[in-house]
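Accompanying notes for the structure given below.
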Amino acid sequence: MAAQEQTDYKRGILDQDVERVLIDEASLNRRLAELGAAITDFYADKDLLLVSVLKGSVLFLADLIRHIPIPHEIDFMATSSYGAEVQSRGIVRILKDLNKPIAGRHVLIVEDIIDSGHTLAYLTGMLAARNPASLQVVTLLDKPDRREVDIAVAWTGFSIPNEFVIGYGLDYNERYRNLPYIGVLKPAVYTQSDAGDPTE
Ligand code: PRP
2 MAAQEQTDYK RGILDQDVER VLIDEASLNR RLAELGAAIT DFYADKDLLL VSVLKGSVLF
62 LADLIRHIPI PHEIDFMATS SYGAEVQSRG IVRILKDLNK PIAGRHVLIV EDIIDSGHTL
122 AYLTGMLAAR NPASLQVVTL LDKPDRREVD IAVAWTGFSI PNEFVIGYGL DYNERYRNLP
182 YIGVLKPAVY TQSDAGDPTE
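Residue numbering for the sequence shown follows my numbering, beginning at 2 and increasing consecutively.
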């Protein structure tokens, strides 16, 4: 197949796996502006460091900081769960740590979604032990029905039902992150896949 034909064939192929759009681009933009304004007010006189948890939160971070027009820094962490253990014991593996110490800094963790809460419970515990001046969380999405451990979240974009969502950074099997909206994945996609049901 020629390159142009391949492009034409693949264009729109991800959208076809979306059962419905849960949060469209305009709604995302509006909410990010609100979150950015609230965060800007809160940190106006503070030394702000945003910590993005890879990979899902990169689109959220990139768009959010355009609504935070005060000086700040960004840094990244990468985590990985030990499969089922993260569910039962909250064990999270750190694949990439922060580049710099955070003692005395005002740290804002930027997450794309909170599900069981285990990832954030582990991360906030680990970062709090480094003596930041403050430690807060902003998440684009929250699935409160799935919570297994309590997490204090300062700012939430949207509370959503327990459906498997993709797009705007969120993946299934590493795909769909580039969709510009949050969508619900068609169950047929994961019932036909070896990767299994992501909502269980
Ligand atoms: C997602 C999300 C959070 C975590 C939330 O990351 O970005 O970090 O899961 O789940 P929890 O509340 O049950 O701990 P994921 O492991 O899918 O990695 P990714 O961001 O690279 O897609």
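Even glycine gets a Cβ: it sits at the ideal position worked out from N, Cα and C. Nothing here was measured: the structure is a model prediction, and the numbers come from that model.
- Task: On a CA-only basis, which of Y177, I183, G184 is nearest R12? Give me that one, please.
- Result: Y177
- Inter-residue spacing [alpha-carbon to alpha-carbon] between L180 and F61: 12 Å
- Item | Contact under 8 Å by Cβ, L186 with F165 | Closer than 8 Å, so yes.
- Message: For E112, report the span of its beta strand (DSSP E) as first-last.
- Response: Residues 107-115.
- Task: With DSSP collapsed to three states, give me the class of E26.
- Result: helix
- Message: So, at 6 Å on beta carbons, what are the nonlocal neighbours of D64 in its own chain, with the 5 sequence-adjacent residues on each side left out?
- Response: L33
- Message: Nearer than 7 Å: is that true of the beta carbon of G277 relative to any heavy atom of ligand 1?
- Response: It is not possible to answer for residue 277, since the shown part of the chain is limited to 2 through 201.
- Message: Just checking S160 against ligand 1 - is the residue's beta carbon closer than 7 Å to any of the ligand's heavy atoms?
- Response: no
- CB of D172 within 8 Å of CB of T157, strictly: A distance of 8 Å or more separates the beta carbons of D172 and T157.
- Query: Sorry if obvious, but does the Cβ on V54 come closer than 7 Å to a heavy atom of ligand 1?
  - Reply: yes
- Do three or more CB pairs link the stretch 103-115 to the stretch 137-154 at distances below 8 Å? yes
- Message: Tell me whether E164, by its Cβ, gets closer than 7 Å to a heavy atom of ligand 1.
- Response: No.
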